[in-house]
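Undergrad: This is the structure I have questions about; it appears just below.
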């Protein structure tokens, strides 16, 4: 299992937004979806909250030695970001 490193910016934003490191790590370890993002990064996302009304999106740069968490945020725009397969 690769280690997860939460970068300084991500930690600052998580604290400001009330997102725990445990929640971010849970999404990185078992994401509901993984989508491509800019600059070779990926968005790991999972539905959270009662009834899955919120989406926790974690911007990750996967490296050979582990996962670098760049940012994380909650959104209620599930329909916009959740991709149907």
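Numbering (our numbering), first residue to last: 265 to 349. All C-beta atoms in this analysis are idealised placements derived from N, C-alpha and C, irrespective of residue type, glycine included.
1. Rounding to the nearest angstrom, what Cα-Cα distance links residue 342 and residue 315 in this structure?
2. Find the nearest neighbour of residue 325 within the set 344, 312, 303, judged by alpha-carbon distance.
3. Looking at the structure shown, is residue 281 part of a helix, part of a strand, or coil, going by DSSP?
4. Kindly indicate which three-state DSSP category residue 317 falls into: helix, strand or coil?
5. Opposite residue 308 in the DSSP bridges: which residues?
TA: If we stick to the structure as given:
1. So the alpha carbons of these two residues sit roughly 12 Å apart.
2. Considering only 344, 312, 303, the residue with the shortest C-alpha distance to residue 325 is 303.
3. DSSP, reduced to helix, strand and coil, places residue 281 within a helical segment of the structure shown.
4. Residue 317 carries a coil assignment under DSSP once its states are collapsed to helix, strand and coil.
5. According to DSSP, residue 308 bridges with 298, 322.
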